[in-house]
Amino acid sequence: MKTQLIIGTTVSLAILLTGCSDTTEDKAAVKKEQKIEHHKDKQVHSHKHEHHLTDSDKKIYEGYFEDDAVKDRRLTDWEGDWQSVYPFLKDGSLDKVFEHKAEDQNKSKKEVKEYYNKGYETDVAHIKIGEKDIIFTKQNKKHRAKYEYDGKEILTYEKGNRGVRYIFKKVYGDNEAPNYVQFSDHIIAPERALHFHIYMGDDRKALLKELENWPTYYPDDLSAREIQEEMLAH
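What follows is the structure, encoded as structure tokens:
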């Protein structure tokens with residue numbers, strides 16, 4: 001079941017796109033001509049693959065799509081081992097990204113970094129996602145739970161663009177594991193995620209209203225430098 005929620009906010013387009021892209025559509029259209037994905041094979045060699053985005057893909061990424069284009073997705077779209085980017089923000093590894101965004105947004109690096117600090121902040125360092133289970137690593141302790149699909153919600157923002165939250169509800173598991181997780185990755189149909197933002201908590205409706213904190217995760221095998229390159233490519 002699809003539900004549309006109207007979310008009123010005065011924040012910039014950067015928040016509406018959940019902290020991924022630059023703040024102007026013109027710049028986004030130029031910079032998102034290509035997505036660059038880094039992978040490491042079993043020999044731990046880094047490979048770079050270029051993916052050309054169609055005009056339709058770019059519009060979806062920016063939050064413009066038709067309702068009938070939104071499809072259900074399985075937890076396996078996010079399957080794998082993922083690391084939070086928050087530690088890389090804290091140790092300065094992503095400063096080059098913030099400098100670049102500051103130039104594009106005509107803001108100071110400090111302003112941009114403070115914005116992303118609030119967005120990335122989390123104490124969940126790693127997330128391991130399987131076919132039905134999710135393991136959260138928090139302060140070196142692992143918390144596991146089984147989740148089932150609980151539908152999707154289309155959020156409509158004040159600016160007119162939209163986003164989709166894919167929601168999974170805990171069936172059983174450790175008490176410390178959240179009752180709900182909501183994924184946002186600028187994808188609206190079955191497809192493997194390259195990175196994602198996740199909203200974790202016990203109140204489904206309250207999570208849908210959260211727009212300022214969006215913990216962000218990239219594959220566990222990427223280095224800080226590779227994540228920086230990924231972000232700069234967008």
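Mapping of the sequence shown onto UniProt numbering: position 64 corresponds to residue 64, and the numbering continues sequentially without gaps. Glycine included, each C-beta is placed from N, C-alpha and C at the ideal position. Please read all numbers here as calculations on a predicted model, not as lab measurements.
query, result
"Unbroken stretches of the alpha helix (DSSP H), 4 residues or longer, contained in the region 108–170", "109–120"
"Integer Cβ distance of Val171 from Lys146, believed to fall under 8 Å", "5 Å"
"Limits of the unbroken beta strand (DSSP E) element including Ser84", "Gly80 to Ser84"
"Segment contact, 8 Å Cβ cut-off, at least three pairs: the region 112–120 with the region 204–217", "yes"
"Alpha carbon of residue 235 to alpha carbon of Ser223, nearest angstrom", "Within the shown structure, residues of the chain are numbered from 1 to 234, placing residue 235 beyond reach of any answer."
"Residue environment, Met200, which counts as buried when at least 16 other CB atoms sit within 10 Å", "buried"
"Pick from Ser184, Asp202, Asn140 and Phe196 that is closest to Pro178, judged by C-alpha positions", "Asp202"
"Lys113 burial status per 10 Å Cβ neighbour count (16 or more: buried)", "buried"
"Three-state secondary structure assigned by DSSP to His100", "helix"
"Sequence-distant residues of the same chain with beta carbon closer than 6 Å to Ile135, five excluded per side", "Lys128, Lys142 and Arg144"
"Contact check, Glu79 vs Glu131, beta carbons under 9 Å", "yes"
"Buried versus exposed, by CB contacts within 10 Å (16 or more), Gln228", "buried"
"The beta strand (DSSP E) enclosing Tyr199, as first and last residue numbers", "Phe196 to Gly201"
"Stretch pair the region 55–73 + the region 185–195: three plus CB contacts closer than 8 Å", "yes"
"C-alpha gap between Asp133 and Ile167, whole angstroms", "14 Å"
"Assigned secondary structure, Tyr217 (DSSP; H/G/I helix, E/B strand, else coil)", "strand"
"Whole-number beta carbon distance between Asp150 and Lys138, since they are thought to touch under 8 Å", "22 Å between Cβ atoms; not a contact."
"Sheet register partners of Val181 (DSSP bridge)", "Phe168 and Met200"
"Exposure of Glu111, with buried meaning 16 or more beta-carbon neighbours within 10 Å", "exposed"
"Identity of the residues DSSP links to residue 238 by a beta bridge", "With the chain covering 1 to 234 only, the question about residue 238 has no answer from this structure."
"8 Å contact criterion, which Asp77 and Pro190 should meet: CB distance rounded", "6 Å"
"Neighbourhood of His197 by C-beta distance below 6 Å, restricted to the same chain and skipping five residues each side", "Thr18, Ser184, Trp214 and Thr216"
"Asp123 versus Pro87 - alpha carbon distance", "10 Å"
"Proximity to Arg192 [Cα-Cα], best of Val70, Leu53 and Leu75", "Leu75"
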